[in-house]
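Colleague: Let me begin by handing over the structure; questions about it come next.
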Amino acid sequence: MIDLINITKDYGTTIAVNNLNLHVASGDIYGFIGPNGAGKTTTIRMMGGIIEPSSGSIIIDGIDMKENPVAAKKIIGVVPDRPFLYEKLTGAEFLKFIADIYEVDAKSVRQRSDDLLRQFALWDWANEIIEAYSHGMKQRLIIAAALMHDPKILVVDEPMVGLDPSAVRMVKDIFKDLASKNVAIFVSTHTLSIAEDMCDRIGVIHKGNLVAQGTMDELNSAAQTQKARLEEVFLTLIHEA
Ligand code: ATP
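Quick note on our numbering: the sequence shown kicks off at 131 and runs consecutively.
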């Protein structure tokens, strides 16, 4: 579903991402972890077609992002790390607005919006302006908005920041449910316990380089640790790198 082939992004002399190769299959939840400034957000912005790589290819379900960005973006839902919401709109209006941008079939917009508002426990707030929402409610609305066009791929930058434990559980369950329906999910996070719990495979990026990727067992082998938790594996890999 997602193929990054030899992706490099430089900002002048800073190489934010260096020759990155990764693949996320349909139905997989791929976690992307790394220290501050490692290149996670840059990677997500390139995957979402927000910025272009300096070199390399991004293939989304067989579509080259550079050659056909609109077609690629239509099958991706992106949750950015610093989302922008039109706060004078209500939650329901915002979802309708996003549906219009993605040209969702008008007949299904209302049903889809109602379903997502219920699923993300925002139903009681559907007709309140977003300005009145708490941080966690805004975060849930942004994730719901990314799902309005029923994407085959969901790319999420730090989904759990500011969410309370029950909202974290809700989002984790929704991601697992989407994966069971063959959606490919790419998620960057600093919350290693969530990555460990939720992801099928995890990539560790450090200073723009992918230092290891795979299942927990594969990461343990790469770090030469024995059935260690992700925190220890991560710190070992970063220390060695
Ligand atoms: P964090 O965990 O702190 O969010 P990150 O892994 O998401 O970090 P990025 O935001 O991708 O890291 O940044 C990677 C590198 O690229 C950093 O050195 C950052 O300073 C640099 N960088 C990112 N965006 C720009 C930009 N627009 N112009 C110049 N340098 C940038």
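Positions of the beta carbon are idealized from the N, C-alpha and C atoms, including for glycine. Computed from a prediction, not measured in an experiment: that's the story for all the values here.
Which residues mark the beginning and the end of the beta strand (DSSP E) in which S187 is found?
Modeller: S185 to I190
Colleague: Measuring CA to CA, which of A353, I189, C329 and T319 is closest to P165?
Modeller: For the residues A353, I189, C329 and T319, the minimum Cα distance to P165 belongs to T319.
Colleague: What I want to know is whether the C-beta of G164 ends up closer than 8 angstroms to one or more non-hydrogen atoms of the ligand ATP.
Modeller: yes
Colleague: Give me the Cα-Cα distance between I231 and V239, rounded to the nearest whole angstrom.
Modeller: 12 angstroms
Colleague: If you measure from the CB of Y141, is any heavy atom of the ligand ATP nearer than 8 angstroms?
Modeller: yes
Colleague: Could you compute how far the alpha carbon of A275 sits from the alpha carbon of Y160?
Modeller: 21 angstroms
Colleague: Could you compute how far the alpha carbon of L134 sits from the alpha carbon of V147?
Modeller: 11 angstroms
Colleague: According to DSSP, simplified to helix, strand and coil, what is Q356?
Modeller: coil
Colleague: Going by C-alpha to C-alpha distance, which of G207, Q249, T138 and A325 sits closest to A229?
Modeller: G207
Colleague: Below 8 angstroms on the Cβ atoms is my contact criterion, and I expect I283 with M131 to pass it. Report the Cβ-Cβ distance as a whole number of Å.
Modeller: 6 angstroms
Colleague: Heavy atom of the ligand ATP less than 8 angstroms from the Cβ of V147, yes or no?
Modeller: yes
Colleague: To which residues does DSSP link Y141 through a beta bridge?
Modeller: T144
Colleague: Would you mind working out which of A342, A353, F224 and G186 sits nearest N257, comparing C-alpha positions?
Modeller: The option with the nearest alpha carbon to N257 is F224.
Colleague: Considering only the beta carbon of each residue, do A155 and G179 sit closer than 9 angstroms?
Modeller: no
Colleague: May I ask whether a heavy atom of the ligand ATP can be found less than 8 angstroms away from the beta carbon of H320?
Modeller: yes
Colleague: Quick check on DSSP: helix, strand or coil for D254?
Modeller: helix
Colleague: Enumerated in chain order, which unbroken segments of the beta strand (DSSP E) with a length of 3 residues or greater are wholly contained in the segment 267 to 294?
Modeller: As far as the segment 267 to 294 is concerned, its whole beta strand (DSSP E) runs of at least 3 residues are 283 to 287.
Colleague: Tell me whether S310 sits in a helix, a strand or coil according to DSSP, three-state version.
Modeller: Helix at S310.
Colleague: Got a sec? Which residues, its chain only, sit under 6 angstroms from K302 by beta carbon, not counting five neighbours each side?
Modeller: M328
Colleague: Please list, in chain order, all residues of the same chain as P199 whose beta carbon is under 7 angstroms from its beta carbon, the five residues on each side excluded.
Modeller: G179
Colleague: Are A325 and L365 touching if we call contact CB-CB under 9 angstroms?
Modeller: With respect to L365, A325 sits apart: the two C-beta atoms are not nearer than 9 angstroms.
Colleague: Is K357 near the ligand ATP, in the sense that its beta carbon is under 8 angstroms from a heavy atom of that ligand?
Modeller: No, the Cβ of K357 stays beyond 8 angstroms of every heavy atom of the ligand ATP.
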